[in-house]
Amino acid sequence: MEYNFREIEANWRKKWADDKAYQVDNNTAKPKYYVLDMFPYPSGAGLHVGHPLGYIASDIFARYKRLTGFNVLHPMGYDSFGLPAEQYAIQTGQHPAVTTEKNIARYRDQFDKIALSFDWSREIRTTDPAYYKWTQWIFLQLFKSYYNYQKQKAEPITILVAGFEKEGFVGNDDVAAFTKEQWATFSEAEKSSLLMNFRLAYLSEAWVNWCPAMGTVLANDEVKDGVSERGGYPVERKLMPQWSMRITAYAERLLNDLNTIDWPESIKDAQRNWIGRSEGTSLRFKLDGHNESIEVFTTRPDTVFGVTFVTLAPEHELVKKITTADRKAAVEAYANTAKNKSERERQAEKKVTGEFTGAYVIHPFSGKKVPVWIGEYVLLGYGTGAVMAVPAHDTRDYAFAKQFRLAIPQVIEAPPGWDFSKESFDGKEGKCINSDFLNGLEVKAAIKKAIEEIEKRGIGKGKVNFRLRDAAFGRQRYWGEPIPIYYKDGVPYPLDEKELPLVLPEVDKFQPTETGEPPLARAKNWKYQGKYEYEYTTMPGWAGSSWYYLRYEDPNNVNEFASKDAIKYWENIDLYVGGAEHATGHLLYFRFWTKFLNDFRYLPFIEPAKKLVNQGMIQGVSAFATRVNPTMYQMHGDEPGSIWPVIYITKEWENKIKTEQEPREEFIKFLKKVVIKNNPNANLSNVSTARGTSHSMFFTTHHVPVEYVSSDNILDKEKFKPFASSFFKDLKVSIEFFPEEEPYICTREVEKMSKSKWNVVNPDDIIEQFGADTLRMYEMFLGPIELSKPWSTQGISGVHGFLKKLWRNFFNEKGLALSEEKANPQELKVLHKTLKKVKEDIERLSFNTCVSAFMICLNELNELKCNKREIMEPLLVALSPFAPHITEELWKQAGHKDSILKASFPIVNEAYLVENTFSYPVSFNGKTRFMLELPLTLTKEQIEKEVLANEATKKWLQDSPIKKMIIVPNKIVNVVI
RNA sequence: GCGGAUGUGGCGGAAUUGGUAUACGCGCCAGACUUAGGAUCUGGUGCCGCGAGGCGUACGGGUUCGAGUCCCUUCAUCCGCACCA
9 MEYNFREIEA
19 NWRKKWADDK
29 AYQVDNNTAK
39 PKYYVLDMFP
49 YPSGAGLHVG
59 HPLGYIASDI
69 FARYKRLTGF
79 NVLHPMGYDS
89 FGLPAEQYAI
99 QTGQHPAVTT
109 EKNIARYRDQ
119 FDKIALSFDW
129 SREIRTTDPA
139 YYKWTQWIFL
149 QLFKSYYNYQ
159 KQKAEPITIL
169 VAGFEKEGFV
179 GNDDVAAFTK
189 EQWATFSEAE
199 KSSLLMNFRL
209 AYLSEAWVNW
219 CPAMGTVLAN
229 DEVKDGVSER
239 GGYPVERKLM
249 PQWSMRITAY
259 AERLLNDLNT
269 IDWPESIKDA
279 QRNWIGRSEG
289 TSLRFKLDGH
299 NESIEVFTTR
309 PDTVFGVTFV
319 TLAPEHELVK
329 KITTADRKAA
339 VEAYANTAKN
349 KSERERQAEK
359 KVTGEFTGAY
369 VIHPFSGKKV
379 PVWIGEYVLL
389 GYGTGAVMAV
399 PAHDTRDYAF
409 AKQFRLAIPQ
419 VIEAPPGWDF
429 SKESFDGKEG
439 KCINSDFLNG
449 LEVKAAIKKA
459 IEEIEKRGIG
469 KGKVNFRLRD
479 AAFGRQRYWG
489 EPIPIYYKDG
499 VPYPLDEKEL
509 PLVLPEVDKF
519 QPTETGEPPL
529 ARAKNWKYQG
539 KYEYEYTTMP
549 GWAGSSWYYL
559 RYEDPNNVNE
569 FASKDAIKYW
579 ENIDLYVGGA
589 EHATGHLLYF
599 RFWTKFLNDF
609 RYLPFIEPAK
619 KLVNQGMIQG
629 VSAFATRVNP
639 TMYQMHGDEP
649 GSIWPVIYIT
659 KEWENKIKTE
669 QEPREEFIKF
679 LKKVVIKNNP
689 NANLSNVSTA
699 RGTSHSMFFT
709 THHVPVEYVS
719 SDNILDKEKF
729 KPFASSFFKD
739 LKVSIEFFPE
749 EEPYICTREV
759 EKMSKSKWNV
769 VNPDDIIEQF
779 GADTLRMYEM
789 FLGPIELSKP
799 WSTQGISGVH
809 GFLKKLWRNF
819 FNEKGLALSE
829 EKANPQELKV
839 LHKTLKKVKE
849 DIERLSFNTC
859 VSAFMICLNE
869 LNELKCNKRE
879 IMEPLLVALS
889 PFAPHITEEL
899 WKQAGHKDSI
909 LKASFPIVNE
919 AYLVENTFSY
929 PVSFNGKTRF
939 MLELPLTLTK
949 EQIEKEVLAN
959 EATKKWLQDS
969 PIKKMIIVPN
979 KIVNVVI
């Protein structure tokens, strides 16, 4: 009987679906285990071979856990709100819901083909009103809460309001103090906007990352190098009313609790970095001639005597007020150019720029006048938007001072020989000098002392600052969750919980309105109670994904986002698998929402995922071809109907043509030839390479679909031609190759797999050719899951061969041929050695070594000519998480009525594994002279005796100058002369 | 610049606490069976050397009887953050 994987896999796929084999129940006495994959955005391209890597790994683990007696929650769903479907809708008018539905069907089909053991009865979609009802509900909870910093937890805002009514407010950085009498006189609108300073979900005028090309606001982590992460459009800064989430309130907890979870150090570090806690102090510099003062934040109050100027961010509110008349023009001009620069331009510019405001502040300790400057290097969003500049001990201040020739007095003792005319000394070690009451103190002690002094004088106080910013929450898009807010007289009010979900309305078009309002403004008759405008922005992509793991626990609950019982049973995620690219996005936000829900006791845990594993990316190997652009040469007779030759040229020749005369002439000759070939009436004297001396700009290198290129990089010219022609829609072209007769060699490069790069390998093709079991095992065999690597099918035959061999172990020409003979110790040892290795390796998620272990095992069993039931059956069970179809089939063939899914992972019997001997290396003068095979159980004295009894040793010892042997059981035999 | 990770044959990668480096797979070489094979099976395969032997885990040091593994220096590659005061 042949190993007919196509038939076997199709049969079992159907059987498992019919039996609902993977459905799990919330009510069971079994212990729980929660294995979750990050749910995907269902893109139009479907899955490529890179996607399943994490899914297969988590699936293997889930299956393994089931075999070891756990009730395993292993669900899947779709993060189905998102930009591509919307952009497609803008282009084609097709409703994003339709696109999404279609893509989901495709994903589902692919998931099933790979035999991922998801409980589909728990599937969720973020676009489902029954789901986003609860996303909106959580938004309302956040809106109705504030953060109590004393208690370090969120509380209902009604508590805060009650406090205002009773005692007023003492004031903080953002809100001025007011009395209870004043509070009572505030209008509805005033109260509303005041409370926005406290709510965890709030509306405010904010500088946002505005992307004009997409017509939307982006979060900081959606902007990379000044352009949008998706699409790469330029992003600029803009002040506008904006919904935000006060994630900064949780900064301290998000940081501290990282220590309680088993996540990759790189992710934790990225989050620590992103949160960016720094301890320091605020300090006020009184303005000379004004009542106001400038507040700065510094981590180095020890260097306060080295301050020679103060720098404000160009957008700082005090700038206008303090600038002197003579400096006004220059300062305004500078502030304006700075404001209009995009983030990208600001970053690209390495030049030090700034302007003097004409104003001075009084140094709080020395009483000297210190000039106030503005400079781009100071960011409005961090600290107070103002810095005290200590050029001698801060690189940036140093550069600024050099540029504008400001004094650079030294106040920390630098190492001997330090040249302050070249660079600043930023080190946090050394003694204070020229610093009045700080003189002689070490930096650390000086910081402490300085803060004490600052606080004593009431000019500032010790403070912790975070780099983390509040997260923008509104998007000017259609395809997202509506924000459940309506406006009455311009004041935002929340919907009542009973009115949820606020369903996404239909619109006629998906682009912004002519007046620049979001698409939702197009919705007809979409008004709260028929008269009040709803909020037109929708929630960002991360909203639905910030709590989805909870919904799987109780997916059909209409009364709660999940029942208390379900949450109590399933708790948080035990193993979470997904890409590292979400380090400072999703992985931070879903921790934030978990903590928030915990504050209100909806959850009994403070972190969403105990353990996180990042699977590496599987990259594609792209192929490239270089063509000569038709603009490189002139061709007369280009009247309608003429055919332009588009010439593809190999890298080798491209370089030659650029540098050498002779090849160029040869190329022109060729060019004329193909012109005439395509246009017999062309005037050859008018054909020549044109323009300038540099020809490099006339070459274009572009991706070639990998399926047109052989493994040794040779392009299939005939298949390629229609593809290449498609670049020239309006121009009649003929695709030519130079040199003509030789094979065209493409260049290769490893990149991210993506449709636009034409390097996608579809898992369906692999499954068709080798089967899903082979695909699963091969993807695991490629290497450790967390490693990124280019996809290559080299080696897939080895894994496929293993499965075929396994199949043959069960069958001979006559049919099933399992031996019922009792296994001997040797065979048992092979089995149990493998079981032990596999068990341990699965538990530490080292699946590639598991696959190796199975191969070794089968090789050894074949060497022993063993096909005994007693050995093969446990092996099948252990293998079943990796290759579910073939093991299920063989299990049935071996005579089992029940599915292998119901089996138990075999128990490892260590008794079979006892090693009888240990190799003791005997070393002498640092070199191993020989290995002694000795029983393991020997004591030190016995080993000494054995060593001396051994004939070879004895002989060698006689000739050697050894006087003494040092013996450590199980380790080593040392000899000393 | 800061932070993190990685560096082992022709290739993907093993080596769990320091203990015979290169398991397993691919590729390659030879052979067997075949009309044939992109089927199957057997053997070989780090480098230098005829050989004994020597050299080998990015480079250079160190600790140790013994280092891929621990420590220090340098280099390379990848990832994240980046005027964060």
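Heads up: the first sequence at position 908 corresponds to 916 in the numbering used here, and the numbers run straight through without jumps. Glycine included, each C-beta is placed from N, C-alpha and C at the ideal position.
Beta carbon of tyrosine 30 nearer than 7 Å to that of leucine 81: Mapped onto the first sequence, residue 30 falls at position 22. Mapped onto the first sequence, residue 81 falls at position 73. No, Cβ-Cβ distance for tyrosine 30 and leucine 81 is not below 7 Å.
Assign glutamine 95 to one of two classes, buried (16 or more other C-beta atoms within 10 Å of its C-beta) or exposed (fewer than that). The count along the first sequence starts at 1 and reaches residue 95 at position 87. Buried.
How many Å lie between lysine 376 and threonine 256 at the Cα? For the purposes of this step, residue 376 is identified with residue 368 of the first sequence, where counting begins at 1. For the purposes of this step, residue 256 is identified with residue 248 of the first sequence, where counting begins at 1. The straight-line gap from Cα to Cα measures roughly 37 Å.
Endpoints, the beta strand (DSSP E) within which tyrosine 42 is located: For the purposes of this step, residue 42 is taken as residue 34 along the first sequence, with counting starting at 1. 40–45 is the span of the beta strand (DSSP E), which, as asked, contains tyrosine 42.
CA nearest to the CA of asparagine 34, picked from Trp578, Gln627, Met785, Glu828: The residue labelled residue 34 in the question sits at position 26 within the first sequence. The candidate whose alpha carbon is nearest that of asparagine 34 is Trp578.
In angstroms, rounded to a whole number, what distance separates the CA positions of glutamine 102 and glycine 90? Along the first sequence, one-based indexing puts residue 102 at 94. Along the first sequence, one-based indexing puts residue 90 at 82. Roughly 15 Å between the two C-alpha positions.
Mapping the DSSP letters down to three states, classify asparagine 820 as helix, strand or coil. The residue you call residue 820 lines up with position 812 of the first sequence. Asparagine 820 falls in the strand class under three-state DSSP.
Helix, strand or coil at aspartate 27 [DSSP, three-state]: Counting from 1 along the first sequence, the entry for residue 27 is found at position 19. Helix.
Rounded to whole angstroms, what's the CA-CA distance from methionine 705 to lysine 666? Just pull it up for me. Within the first sequence, the letter at position 697 stands for residue 705. Within the first sequence, the letter at position 658 stands for residue 666. For methionine 705, the predicted model reports a pLDDT of 46, less than 50, meaning its position is unreliable and no value from the coordinates is stated.
Does the region 312–329 come into contact with the region 409–418, if we say contact requires no fewer than three beta-carbon pairs (one atom in each stretch) closer than 8 Å? yes
Simplified DSSP state of cysteine 440, which is helix, strand or coil: Along the first sequence, one-based indexing puts residue 440 at 432. Looking at cysteine 440 - three-state DSSP - the assignment turns out to be strand.
Given glutamate 896, which residues of its chain have a CB within under 6 Å of its CB, disregarding the five upstream and five downstream residues? On the first sequence, position 888 is the one that residue 896 refers to. Cβ neighbours of glutamate 896 beyond the five flanking positions: Trp20, Ile908.
Check for me: the alpha helix (DSSP H) holding alanine 105 runs from which residue to which? Position 97 of the first sequence holds residue 105. Here the alpha helix (DSSP H) through alanine 105 covers 104–121.
Measure the Cβ-Cβ separation of isoleucine 112 and proline 60 and say whether it is below 7 Å. In the first sequence, counting from the first residue as 1, residue 112 sits at position 104. In the first sequence, counting from the first residue as 1, residue 60 sits at position 52. The answer is no: Cβ separation not under 7 Å.
Contact check, glycine 62 vs glutamine 623, beta carbons under 7 Å: Counting from 1 along the first sequence, the entry for residue 62 is found at position 54. Counting from 1 along the first sequence, the entry for residue 623 is found at position 615. Against a cut-off of 7 Å, the Cβ pair of glutamine 623 and glycine 62 comes out as a contact.
Bounding residues of the beta strand (DSSP E) (the contiguous stretch that carries cysteine 219): Indexing the first sequence from 1 puts residue 219 at position 211. Run containing cysteine 219: 209–219, per the beta strand (DSSP E) assignment.
Going by DSSP, name the residue or residues bridged to isoleucine 655. In the first sequence, residue 655 corresponds to position 647, counting from 1. According to DSSP, which records beta bridges pairwise, isoleucine 655 is partnered with Val636, Glu744.
Just tell me which of Ser212, Asn832, Phe172 has its CA closest to the CA of valine 499. Within the first sequence, numbered from 1, the residue matching residue 499 stands at position 491. It is Ser212 whose Cα lies nearest to the Cα of valine 499.
Restricting to runs no shorter than 3 residues, where is the beta strand (DSSP E) found entirely within the region 584–633? 617–622
Indicate whether alanine 479 and isoleucine 275 have their beta-carbon atoms separated by less than 7 Å. For this step, residue 479 is matched to residue 471 along the first sequence. For this step, residue 275 is matched to residue 267 along the first sequence. No, these two residues do not count as a Cβ contact at 7 Å.
Excluding the 5 residues preceding and the 5 following proline 833 in the sequence, name in chain order all residues of the same chain whose CB lies nearer than 7 Å to its CB. Counted from its first residue, the first sequence places residue 833 at position 825. Hits under 7 Å: Tyr920.
Residues that DSSP places opposite glycine 470 in a beta bridge: For this step, residue 470 is matched to residue 462 along the first sequence. Thr289, per the DSSP bridge assignment.
Is phenylalanine 789 helix, strand or coil when you go by DSSP? On the first sequence, residue 789 is found 781 positions in, with the first residue counted as 1. In this structure, phenylalanine 789 counts as helix in the three-state DSSP scheme.
May I ask you to report which of helix, strand or coil DSSP gives alanine 422? Numbered from 1 along the first sequence, position 414 holds the residue referred to as residue 422. Coil.
Beta-carbon spacing of valine 360, phenylalanine 408 below 7 Å: Locating residue 360 in the first sequence gives position 352, where the first residue counts as 1. Locating residue 408 in the first sequence gives position 400, where the first residue counts as 1. Yes. Within cutoff.
Do arginine 207 and phenylalanine 151 have their C-beta atoms within less than 7 Å of each other? In the first sequence, residue 207 corresponds to position 199, counting from 1. In the first sequence, residue 151 corresponds to position 143, counting from 1. In this structure, phenylalanine 151 lies closer than 7 Å to arginine 207 by Cβ.
Using the beta-carbon count (16 or more within 10 Å), is glutamine 118 buried or exposed? Numbered from 1 along the first sequence, position 110 holds the residue referred to as residue 118. Buried: at least 16 other Cβ atoms inside 10 Å.
Just to confirm the assignment, what range does the alpha helix (DSSP H) spanning threonine 166 have? As a first step, residue 166 is located in the first sequence; it is residue number 158 there, counting from the start. First-last of the alpha helix (DSSP H) with threonine 166: 165–175.
Apply the 10 Å Cβ neighbour rule to threonine 658 and answer buried if 16 or more other Cβ atoms are within range, or exposed otherwise. Along the first sequence, one-based indexing puts residue 658 at 650. Threonine 658 should be labelled buried.
Around the C-beta of asparagine 978, are 16 or more other C-beta atoms found within 10 angstroms, so that it is buried, or is it exposed? Sequence index remark: in the first sequence, residue 978 carries index 970 (1-based). In this prediction, asparagine 978 scores a pLDDT of 43, lower than 50, which makes its location untrustworthy; the coordinate-derived value is nonetheless stated afterwards. Exposed: under 16 other Cβ atoms inside 10 Å.
Close Cβ partners of lysine 397 (< 6 Å) along its chain, the five nearest in sequence each way excluded: Mapped onto the first sequence, residue 397 falls at position 389. Reading off the sequence, residue 397 comes out as alanine, not lysine. Phe317, Thr319, Asp405, listed in sequence order.
Cutoff 6 Å; reference proline 1001; Cβ partners in own chain excluding five residues on either side: Outside the shown range of the chain (9 to 985) lies residue 1001, about which nothing can therefore be said.
Any heavy atom of the ligand NAD closer than 6 Å to the Cβ of glutamate 794? Among the components modelled here there is no ligand, and therefore nothing to report on the ligand NAD.
Per DSSP, the bridge partner or partners of threonine 709: For the purposes of this step, residue 709 is taken as the residue at position 701 of the first sequence. According to DSSP, which records beta bridges pairwise, threonine 709 is partnered with Thr634.
Since glycine 393 and alanine 321 should fall inside the 8 Å C-beta cutoff, what is the C-beta to C-beta distance between them, to a whole number of angstroms? Counted from its first residue, the first sequence places residue 393 at position 385. Counted from its first residue, the first sequence places residue 321 at position 313. That belief holds up - the Cβ atoms of glycine 393 and alanine 321 are roughly 4 Å apart, short of 8 Å.
7 Å Cβ cutoff met for asparagine 856 and glycine 791: Along the first sequence, read from residue 1 onward, the residue named residue 856 stands at position 848. Along the first sequence, read from residue 1 onward, the residue named residue 791 stands at position 783. Against a cut-off of 7 Å, the Cβ pair of glycine 791 and asparagine 856 comes out as a contact.
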